[in-house]
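> Dropping a structure here in structure tokens format, bear with me for questions.
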Amino acid sequence: MSAPSQNTPHHTLHTVEHRLANQRQSALVTDIFTKSSLSGVPERALSIYQQNLQMTAARSLSISYPVLQQMVGEQAIFILAQRLLAWEKPVTGDWADWGSQLGQVIENSELAIEHPYLADIARLEWALHLSGRRALTTFDRTRLPLLTEVDPEHLTIKLQPSLAVLESPFPVQPMWQLHRDSHGQHDLSEGLEIIMQHREHTHYAVVYQHQNKPKADPIDAQQYSWLLGVQQGMHLAALLDTYPGIDFARWLSQAIEHQWIETILSPR
Amino acid sequence: MNHKQKIAAAALAMALATAVSAPAQAAGKEKCYGISAAGQNDCGNLAGTHSCAGQSTVDNDPGEWKLVAKGTCESLGGMLKAEAKKRYDAAKKG
Amino acid sequence: MSAVSQHHERVDSTRVGVGLRHVHYAEALAQTSHSVDFLEIHAENFFAKGGVIPTFLNALSEQYPLSIHGTAMGLGSAKGIDPAYLTRFCDLVNRVNPILVSDHACFTWGHSDDQPLHAGDLLPLTYDQASLDILINNIDRVQQALGRQILIENIVSYVDHRSDPMQEAEFLANAARLTGCGLLVDLNNVLVNGQNFYPGNTSQYALNWLKTLPAKAVREIHLAGSSAVAPGELIIDDHSKPVSHACWALFQQAIHLFPGAATLIEWDNDLPTWARLQEEADTARFILSQTLIEEML
């Protein structure tokens, strides 16, 4: 998420007093975020604001990353939230927008050694979090006849912006699904072992919004490449040439059912 | 009609027969029960409260900050950890 | 829409609502007979443009008059309010057409290492002329963007304001007078500030505080309870308890002073059942009706 532009006041206030007010406010914010003491605000007051920020950040992550929370526990989420705060500051005023860099923070943490799959679990959950909040455009069926009216070389398929594809050396989608379906059941070791026994060299998943809810499904390497190609705007003829193993008719029908497609585009 | 045009025509026939998922509005109220992420702003900057400041459910002492996975990761078992470590080392050498 | 005008008619002093929290979403929708007159929701929780949240919001607004309460606008921010935030806020207000719109007299926007950021908290203003200028400037901008009045709420502050040039209530009164904004009086926040900084004199402090406000500007009252703390520690406004006796007592005085205000029960932590929450609303309604009867006699 990009940072908001410098705010422009309605009328410009720029007397010495207003600059001082601005500096006073900035000093308090800096003290809260960096544990400095520029503002002159007493320690016991400052510590309430600092603790509020820490706990709010941790709580926010546990909401955006519910499976990760199940996997690593509350203390680890708390520590990760503190590290993330130093890395990525909240900028929008909605806590749901904060936390995109958690996967990176995990990858750089000591957790990555014994639990290298966790960073990709985080990336999958963030994709789900984003996907479930984005607006979906209803597929325009009236565009379907373009399939026969226009040469496949001039046809592209526009996927919903809420759709994302991911790849990982770990079976993160099945791990995520297991937790999601666990309904708070604590001992998932058996299920996890089965998942790990059936692991492959690389795992692929598609994340999308279906009937208002974010979903993640496992896909194979070919479906992954195909979706990536569609997403990158390859035209239909090129897609069919590059991925002859894809049954396009079946794929299109399923893609419509799964609400993956926004529209079909042709330059004409 | 070339080969690709035939594929496209077959896809059109099948797509026309495909039911489009019910629009969001018709999904029904029960769908709302699954809202998981809606309470995100109910804590820190809520309604004049600093309620999260009071929720010290976690040990706040930085001296105790050791990043250890406690949840289901703990129960992943030795097999998985050993395997994971092997992969990690391999990737590092990679 | 007629539903909208109905909603507006329903904002009067006998109206009692509750703050809607996540755990009660399903019950609030499932309920057919209401013992609450309106629900207050937190604006930012409904900023998502798609997914289940807008659908839920639609269903909710069909069933209840809504009040939209911002938690992040930071109307006293010297840096001004982030335009992207304001756009999302206005979009939400336009979608819902709420009976009331409110946020806080505090600041939230700042910067760290020269990067703009949102503090994620309600941070205290210094009650002086410069802060007042900033606040009224921002309120003005928001009211113009919304095309309607906004209410500003008093916060709990952990900073000692006793040597500020203005008192908090006087500061808020000035803001209301200069911008035409309304006031949202959180009685628990007044009491918590009183207990933290005017111990031993809290109820007198609170009553004076209320009497400083222009009565007509007060459109809404928040009621809540906070956890007790060890002596000498600052009380945190965690809104984790039933409305306290002190708060109910202050409420009785507040409704005499502010006959035009709606009432809202806020319970944010250690949430009770939906039914228990409604009992709190019933208690508020009972006190309101007793007060009305007293006034008639």
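Chains as they are written, first to last, in the working numbering: chain A, 1 to 268; chain B, 269 to 362; chain C, 363 to 659.
No residue lacks a Cβ here, since even glycine has one placed at the ideal position from N, Cα and C.
Computed from a predicted model, the values in this text were never measured in an experiment.
(1) Step through the CB atoms of chain A and report whether any lies within less than 7 angstroms of the CB of K274(B).
(2) Where do the N-terminal and C-terminal ends of the beta strand (DSSP E) with Q674(C) fall, by residue?
(3) Specify, as a first and last residue, the run of the alpha helix (DSSP H) that D241(A) falls within.
(4) For a cutoff of 7 angstroms on Cβ pairs, would you count K89(A) as touching chain D?
(5) Using alpha carbons as the reference points, say which of D644(C), E595(C), R524(C), S423(C) lies closest to R44(A).
(6) Quick check on DSSP: helix, strand or coil for Y224(A)?
(7) What does F306(A) pair with, by DSSP beta-bridge criteria?
(8) Quick check: what's the CA-CA separation for R524(C) versus I512(C)?
(9) State the start and end residues of the unbroken alpha helix (DSSP H) segment that holds Y447(C).
(10) Do A538(C) and A579(C) have their C-beta atoms closer together than 7 angstroms?
(11) Counting only Cβ pairs nearer than 9 angstroms, list the residues of chain B close to I430(C).
(12) Per DSSP, what kind of secondary structure is E628(C) in: helix, strand or coil?
(13) For G381(C), count neighbouring C-beta atoms within 10 Å of its own C-beta (all shown protein chains included) and say buried if the count is 16 or more, exposed if not.
(14) If you compare alpha carbons, which of S60(A), S253(A), Q223(A), E153(A) is closest to S266(A)?
(15) Below 8 angstroms, how does it come out for the stretch 142 to 150 of chain A and the stretch 104 to 120 of chain A: are there three or more Cβ pairs, yes or no?
(16) Could you tell me the distance, in whole angstroms, from the CA atom of M205(A) to the CA atom of E167(A)?
(17) Residues of chain A with a CB under 7 angstroms from the CB of T449(C): which are they?
(18) With DSSP run on the structure shown, which of helix, strand or coil describes F469(C)?
(19) For a contact defined as C-beta to C-beta under 8 angstroms, what are the partners of H318(B) on chain C?
(20) Thinking A467(C) and G438(C) are a contact (beta carbons under 8 angstroms), I'd like their distance in whole angstroms, please.
(21) What would DSSP say about V380(C), mapped onto helix, strand or coil?
(22) Could you work out which residue in I219(A), L136(A), H183(A), P218(A) is closest to T263(A) when comparing CA atoms only?
(23) Is the separation between the beta-carbon of V105(A) and that of L84(A) shorter than 7 angstroms?
(24) A405(C) by DSSP, collapsed to three states: which one?
(25) Could you tell me which residues DSSP puts in a beta bridge with Y426(C)?
(26) Could you work out which residues of chain A lie near K603(C), taking near to mean beta carbons separated by less than 7 angstroms?
(27) Starting from the beta carbon of Q70(A), find every residue of chain B whose beta carbon is closer than 7 angstroms, and list them in chain order.
(28) First and last residue of the alpha helix (DSSP H) that includes L335(B)?
(29) DSSP three-state label for E595(C), please.
(30) Would you report the Cα separation of Q75(A) and I48(A), rounded to the nearest angstrom?
(31) With H, G and I counted as helix, E and B as strand and the rest as coil, what does DSSP make of H203(A)?
(32) Going along the stretch 195 to 223 of chain A in order, which residues come within less than 8 angstroms of chain C, judged by CB to CB distance?
(33) Where do the ends of the alpha helix (DSSP H) carrying G32(A) lie?
(34) Let's see if you can read the secondary structure: which residues bound the beta strand (DSSP E) around V547(C)?
(35) Which bits of chain A does S525(C) rub up against, with CB to CB less than 8 angstroms?
(36) Counting only beta-carbon atoms, is E406(C) nearer than 7 angstroms to chain A?
On the basis of the coordinates in this document:
(1) Answer no: the Cβ-Cβ gap between K274(B) and chain A never drops below 7 angstroms.
(2) In the structure as shown, chain C begins at 363 and stops at 659. Residue 674(C) is therefore absent and cannot be evaluated.
(3) It spans 236 to 242 - the alpha helix (DSSP H) in which D241(A) sits, taken as one unbroken run.
(4) No chain D appears in this structure, whose protein chains are A, B and C.
(5) Answer by Cα proximity: E595(C).
(6) The answer is helix: DSSP assigns Y224(A) an H, G or I state.
(7) Chain A is shown from 1 up to 268; residue 306(A) falls before or after that span and cannot be answered.
(8) Computed Cα separation, rounded: 27 angstroms.
(9) Start and end: 445 to 458.
(10) Yes, these two residues count as a Cβ contact at 7 angstroms.
(11) By Cβ distance, chain B contributes nothing, its closest Cβ being about 12 angstroms from I430(C), past 9 angstroms.
(12) Per DSSP, reduced to three states, the secondary structure at E628(C) is coil, with no helix or strand assignment.
(13) Per the 10 Å Cβ criterion, buried.
(14) Of S60(A), S253(A), Q223(A), E153(A), the residue nearest in Cα terms is E153(A).
(15) Contact fails: fewer than three Cβ-Cβ distances are below 8 angstroms.
(16) According to the sequence provided, residue 205(A) is Ala. The question's Met does not apply to it. Each residue's Cα considered, the two are about 6 angstroms apart.
(17) Those within 7 angstroms of T449(C) in chain A number zero; the least Cβ separation is about 11 angstroms.
(18) It is a strand residue.
(19) Close partners of H318(B) in chain C (Cβ separation under 8 angstroms): D483, L484, V518, Y520, I598, D599, D600.
(20) Sure, about 6 angstroms apart at Cβ, within 8 angstroms.
(21) Strand, per DSSP.
(22) Out of I219(A), L136(A), H183(A), P218(A), L136(A) has the C-alpha closest to the C-alpha of T263(A).
(23) Yes; because the gap between Cβ atoms is below 7 angstroms, this pair is in contact.
(24) Secondary structure at A405(C): helix, using DSSP grouped into helix, strand and coil.
(25) Its beta-bridge partners do not exist; DSSP assigns none.
(26) Near K603(C) there are no residues of chain A at all, since even the closest Cβ is about 18 angstroms away, more than 7 angstroms.
(27) Result: G339, T340.
(28) It is not in any alpha helix (DSSP H) - L335(B) carries neither H nor E in the DSSP assignment.
(29) The answer is coil: DSSP assigns E595(C) none of H, G, I, E or B.
(30) Their backbone Cα atoms lie some 19 angstroms apart in a straight line.
(31) Assigned with DSSP and collapsed to three states, H203(A) falls in strand.
(32) Flagged, chain order: Q209, N212, K213, P214.
(33) Checking the sequence shown, residue 32(A) turns out to be Ile, not Gly. Annotation: the continuous alpha helix (DSSP H) that includes I32(A) extends over 16 to 34.
(34) In the DSSP assignment, V547(C) falls within the unbroken beta strand (DSSP E) covering 544 to 548.
(35) Close partners of S525(C) in chain A (Cβ separation under 8 angstroms) are lacking, with about 12 angstroms as the shortest Cβ gap.
(36) Closer than 7 angstroms to some Cβ of chain A, the Cβ of E406(C) qualifies, so yes.
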